[in-house]
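Read the structure below first, then the notes.
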Amino acid sequence: MITLYEGDVGMKKIKIPYLNLLPVLLIAFVLFKLVDTAELSVSGLFRIASDAATSFVFGLVVAYLLNPAMVFFEKLIGSSKDSEKTRRIKRGGIIAFLYLMLLGLLTIFVVSVIPTIQDGIQEITENMPVYTRHLETWITKITGKENEGLYLMLDSWVEEGSKVIYNWLKGINVSTIGTLLTSSVSSVALLIFRICFGFIISVYYLYGKEKLIRGIKKLLYVLFGESKTDKILYVSRRSNKIFQQYVIGQLLQSLILFIIGLAVLVPFRYPFAPLLAFVLAFSNMIPYFGPTMGAVPCVILVLFYDPVKAFWLIAYAVAAQFLDNSVIGPKVMSEQVGISPLLVIAGVTIGGIFGGLFGMILGVPTIAIIKLVFYDSYVEKKLKEKNINI
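The sequence shown runs 33 to 422 under our numbering.
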């Protein structure tokens, strides 16, 4: 039972019975739905456990990403004179504001980006012959009649490349997504349900994070003792700093580059400007390889539309990368993650093998944390114990 106060202390108490049971009932309902949609076998039970864990992990990730923003607003509007009740009310308002803002951003993204992708794919597939002839005419002007061999080679490349792109785009036509989704309505509904449950869990993580952290600390001290737990907490704090600094810093950098991309590409009437700005900006989150991975398909796409604009797009991509490395990056990322370029490449490569695109993004901070745990905390300690200086 939760007790609320009406007015000042000493006034009438308002008791809301059984409100404490709401999280338990919610979790029980989710587990029932998972069991109801799965086979009661060993594999089915594993899938139930996996699905339940996925929702909790998803909620933890969302809470982790939103926590810095919550802390910022709490410092902005909070005061050391606030009572515990006032602090909790303010936190609840901040969490509600953050989730409304997140919902708004996701809505804008879905409403603006997905139609742009759909229209772009449809336009390219319908006008591919026109774009191909346009590019062939431009190649003829560049090479001249005296370079017939070069012309035939480039023309062959254009012809083959246009066929590959056409077949690829035709295979991923966005208009088929609706048919795919409607063919498995129950699966999509269950996925949406799990995502919503994950967001609800993230609210509980954020609202009661101090209590959760305190409980974890108590458990660690009981299991491992004071000395080992202090080391675990030290590594955890350092790891948290690395992850927040890198991931959130990279997101801010990409957002700034996306806004710059829109400001540059839209006024010059680039085809699919929002899509180009998005790909060029967020591919930048992948170190070393990301800018090239994002620029190549964008340039190829614009090349069929206007070769001259494709050239200027290359110039913009190079200039944006220079601006990011020399101005935006140093301002947003106060410190580096503390690993060598070789380890960065290893993190991107290994992360890409095991986790795809997200693995490539998270590979660098993961490698940095492994280095912190193994090298900084173990190797350096052993060298110091043996009085070896290298």
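Note that the Cβ used here is the ideal one computed from N, Cα and C, for glycine as well.
Query, Result
"Rounded to a whole number of angstroms, what is the C-alpha to C-alpha distance between A305 and F406?", "45 angstroms"
"By DSSP, does D338 sit in helix, in strand, or in coil?", "coil"
"Count the other C-beta atoms from every protein chain shown that fall within 10 angstroms of the C-beta of L287, then say buried if there are 16 or more, exposed otherwise.", "exposed"
"Assuming the contact rule is C-beta atoms closer than 8 angstroms, Y337 and P303 should be a hit. Round their C-beta distance to whole Å, please.", "5 angstroms"
"Looking at the unbroken alpha helix (DSSP H) that takes in N272, where does it start and where does it end?", "K241 to F275"
"State yes or no: is the C-beta of G293 within less than 8 angstroms of the C-beta of A309?", "yes"
"Take every Cβ of the stretch 230–240, pair it with every Cβ of the stretch 97–114, and state whether three or more of those distances are shorter than 8 angstroms.", "yes"
"So is P147 buried or exposed if we call it buried at 16+ other beta carbons inside 10 Å?", "exposed"
"For C330, count neighbouring C-beta atoms within 10 Å of its own C-beta (all shown protein chains included) and say buried if the count is 16 or more, exposed if not.", "buried"
"Which of helix, strand or coil does DSSP assign to S115?", "coil"
"With a threshold of 16 other CB atoms inside 10 Å of the CB of F104, please say whether the residue is buried or exposed.", "exposed"
"Tell me which residues share the same chain as I209 and place their Cβ nearer than 7 angstroms to its Cβ, disregarding the 5 neighbours each side in the sequence.", "Confidence is the limiting factor: at I209 the pLDDT is only 49, short of 50, which leaves the residue's position unreliable, though a coordinate-based value still follows. No residues qualify anywhere along the chain."
"Rounded to whole angstroms, what is the Cα-Cα separation between I401 and K273?", "10 angstroms"
"Identify whether S372 lies in helix, strand or coil by the three-state DSSP scheme.", "coil"
"Compare the beta carbon distance of T349 and L312 with 8 angstroms and say whether it is the shorter of the two.", "Checking the displayed sequence, the identity of residue 349 turns out to be Ala instead of Thr. Result yes, Cβ atoms of A349 and L312 sit closer than 8 angstroms."
"Within 10 Å of its beta-carbon, does A95 have 16 or more other beta-carbons around it, so buried, or fewer, so exposed?", "buried"
"Enumerate in chain order the residues of its own chain whose CB-to-CB distance from S271 is below 7 angstroms, with the five nearest sequence positions on each side excluded.", "I401 and L404"
"Can you give the Cα-Cα distance for F290 and L335, rounded to whole angstroms?", "21 angstroms"
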